[in-house]
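Let me begin by presenting the structure, written as structure tokens, before commenting on it.
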DNA sequence: TCAGTTCATGCGCATTCTGGTGGTCGAAGA
DNA sequence: TCTTCGACCACCAGAATGCGCATGAACTGA
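Residue numbers (the numbering used here), protein chains in the order written: chain A, 37 to 264; chain B, 37 to 264.
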């Protein structure tokens with residue numbers, strides 16, 4: 037984990053840096069707005085501690101520049117206690133958190149930990165199988181980057197297969213997970229949907245295991261048995 | 037966006053609630069820890085304002101119970117100025133933010149806005165989707181730069197959809213976040229509002245995903261039928 | 001009254017289901 | 001090894017279902 041500290045007060049900067057390093061982080065330092073902006077723009081940080089009152093370039097400006105350039109790393113801003121409007125400005129500029137001076141260093145540490153933990157939670161929930169990508173959060177799927185148009189049952193089927201990649205999934209298992217309770221087991225709906233899915237994502241991905249069910253696997257990893 | 041306020045001071049609670057409602061949020065109130073815990077456990081909130089000093093059940097305890105039950109909504113805690121150890125305890129219990137009493141209500145509002153948009157993964161106070169811009173700070177929206185005239189429910193709908201851009205949002209989810217507690221789920225109100233919104237912002241932006249719900253996306257990213 | 005919201009109705013059509021037909025696979029016997 | 005047979009599976013196309021939308025009337029609170 038790499039952290040940037042932008043703070044013009046040399047003592048405070050060192051104090052923060054030392055504490056963070058002690059906690060196991062890698063830390064870069066900047067002592068004015070311009071330097072801070074340059075570093076934050078070019079290097080990949082997991083979090084930034086940014087003082088609002090800075091020489092050369094104001095903290096809020098730095099933050100705005102980062103955000104409008106698409107930088108999304110979590111930023112913790114430091115403000116003076118009596119400048120509560122600074123906080124509001126900072127937050128609206130895209131700060132993820134703030135601490136008012138004077139502060140306890142442990143508190144900053146706790147908040148940085150929280151920020152990093154939270155940022156990790158935003159990792160997109162995607163499952164990939166060969167050319168197929170499933171975005172479980174957005175209920176979307178793509179093949180070779182092209183968005184697929186799937187009906188809700190088709191999507192549920194694909195989703196279940198991809199969540200159990202490499203495993204053989206029986207028809208009854210699929211039925212039970214795609215439908216609520218009572219469903220006429222003597223129908224070939226599953227086969228129909230498998231057929232439709234194959235038509236959309238390509239035939240190679242869903243393998244049928246005769247007598248048992250279906251298995252989804254990236255092509256190339258297909259079971260190469262009895263090829264002799 | 038639906039918010040829970042847990043605060044035993046009746047005046048403060050009402051003050052917060054009024055301000056939030058004015059800003060367009062749906063607000064539920066609780067006046068002690070037990071009631072707060074019960075509501076937060078059962079209803080889906082987009083954010084919670086939680087006082088630490090509460091009768092019946094301590095704020096930190098409430099928060100811990102929620103977190104260990106898997107509730108992940110952003111929580112803003114209110115602490116007394118001189119009790120900085122409370123803050124650390126609250127943060128360690130899983131609070132996303134804190135404000136010390138006494139505070140400016142605007143500050144709480146700004147932080148709630150920040151929490152909600154951050155939970156949705158947005159860095160700035162403005163969310164853009166194609167020609168539509170949502171200004172979470174001013175509770176306004178524009179299409180191609182022209183201000184939209186939206187009723188409060190229309191705005192809430194648009195806001196929720198834009199905060200969850202790219203994701204499929206179900207009808208029940210929308211109902212739960214646009215209304216407080218009791219609402220007849222068996223009606224087509226949501227569909228009516230979606231229809232009205234589409235009329236105002238254009239048909240292309242809100243895609244309906246049959247059987248699942250609605251998804252807001254910039255045009256051009258719309259799903260294209262895969263060639264069979 | 002009027003703007004905003006909710007409810008009820010009917011239509012159009014995407015989606016899903018069904019039954020039938022023909023194809024494929026694999027085991028067993030010659 | 002080749003053939004045969006039964007079980008299993010893929011595909012098709014028509015039928016049925018029920019979802020989503022538009023519309024307008026009823027309702028409600030400023």
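Idealized CB from N, CA, C, for every residue including glycine. Remember, predicted model here, so these are calculated numbers, not experimental data.
Assumed close pair residue i, residue j - CB separation to whole angstroms, cut-off 8 angstroms
i, j, result
"residue 42 of chain A", "residue 86 of chain A", "5 angstroms"
"residue 200 of chain B", "residue 156 of chain B", "6 angstroms"
"residue 116 of chain B", "residue 137 of chain B", "5 angstroms"
"residue 27 of chain A", "residue 131 of chain A", "With chain A running from 37 to 264 in the structure shown, residue 27 of chain A is simply not present."
"residue 111 of chain B", "residue 84 of chain B", "5 angstroms"
"residue 48 of chain B", "residue 64 of chain B", "The pair is not a contact, with the Cβ atoms about 16 angstroms apart (cut-off 8 angstroms)."
Proximal residues to residue i (C-beta, below 8 angstroms), its chain only, five neighbours per side dropped
i, result
"residue 247 of chain B", "none"
"residue 141 of chain B", "51, 52, 55"
"residue 230 of chain A", "193, 242, 244, 250"
"residue 98 of chain B", "42, 69, 72, 73, 76, 86, 90"
"residue 18 of chain B", "A question about residue 18 of chain B goes unanswered here, because the residues of chain B that appear run from 37 up to 264."
"residue 261 of chain B", "Legend: pLDDT at residue 261 of chain B = 39, less than 50; position of this residue unreliable, no value from coordinates given."
"residue 139 of chain B", "114"
Candidates the options: closest to residue i by CA position
i, options, result
"residue 180 of chain A", "A:170, A:52, A:189", "A:170"
"residue 183 of chain A", "B:60, B:70, B:253", "B:253"
"residue 152 of chain B", "A:128, A:198, A:152", "A:128"
"residue 60 of chain A", "A:191, A:206, A:145, A:249", "A:145"
"residue 237 of chain B", "B:135, B:167, B:215, B:139", "B:167"
"residue 189 of chain B", "B:232, B:64, B:205, B:204", "B:232"
"residue 133 of chain B", "B:101, B:235, B:207, B:88", "B:88"
"residue 174 of chain B", "B:58, B:165, B:40, B:204", "B:58"
"residue 96 of chain B", "B:126, B:63, B:234, B:240", "B:126"
"residue 123 of chain B", "A:49, A:100, A:143", "A:143"
"residue 92 of chain B", "B:139, B:234, B:66", "B:66"
"residue 164 of chain A", "A:64, A:40, A:198", "A:198"
"residue 107 of chain B", "B:49, B:228, B:78", "B:78"
"residue 154 of chain A", "A:224, A:104, A:109", "A:109"
Contacts around residue i, its chain only, beta-carbon distance under 7 angstroms, and the 5 residues preceding and following it disregarded
i, result
"residue 162 of chain A", "169, 170, 171"
"residue 213 of chain B", "37, 38, 80, 82, 196"
"residue 210 of chain B", "193, 196, 226"
"residue 206 of chain A", "248, 249"
"residue 176 of chain B", "183"
"residue 215 of chain B", "62"
Closer than 8 angstroms to chain A by CB, residue i
i, result
"residue 248 of chain B", "yes"
"residue 51 of chain B", "no"
"residue 111 of chain B", "no"
"residue 244 of chain B", "no"
"residue 195 of chain B", "no"
"residue 181 of chain B", "no"
"residue 159 of chain B", "yes"
"residue 127 of chain B", "yes"
"residue 95 of chain B", "no"
"residue 174 of chain B", "no"
"residue 190 of chain B", "no"
"residue 65 of chain B", "no"
"residue 107 of chain B", "no"
"residue 154 of chain B", "yes"
"residue 100 of chain B", "no"
"residue 204 of chain B", "yes"
"residue 124 of chain B", "yes"
"residue 70 of chain B", "no"
"residue 150 of chain B", "yes"
"residue 143 of chain B", "yes"
Test: residue i CB closer than 8 angstroms to a CB of chain B
i, result
"residue 103 of chain A", "yes"
"residue 82 of chain A", "no"
"residue 132 of chain A", "yes"
"residue 147 of chain A", "yes"
"residue 137 of chain A", "no"
"residue 162 of chain A", "no"
"residue 57 of chain A", "no"
"residue 199 of chain A", "no"
"residue 140 of chain A", "yes"
"residue 77 of chain A", "no"
"residue 227 of chain A", "no"
"residue 260 of chain A", "Because the pLDDT at residue 260 of chain A is just 41, under 50, the model does not fix this residue reliably, and the value given afterwards should be weighed accordingly. No, because no Cβ of chain B sits closer than 8 angstroms to the Cβ of residue 260 of chain A."
"residue 208 of chain A", "no"
"residue 187 of chain A", "yes"
Cβ shell of residue i (< 6 angstroms), same chain only, five flanking positions each side left out
i, result
"residue 203 of chain A", "none"
"residue 102 of chain B", "76"
Item to check | Uninterrupted alpha helix (DSSP H) stretches inside the region 134-215 of chain B (no shorter than 4 residues) | outcome: 141-155, 188-199, 207-214
Next on the checklist: Report the start-end ranges of each alpha helix (DSSP H) in the region 78-126 of chain B that is 4 residues or longer and not cut off at the edges.
Outcome noted: The region 78-126 of chain B contains these whole alpha helix (DSSP H) runs: 95-104.
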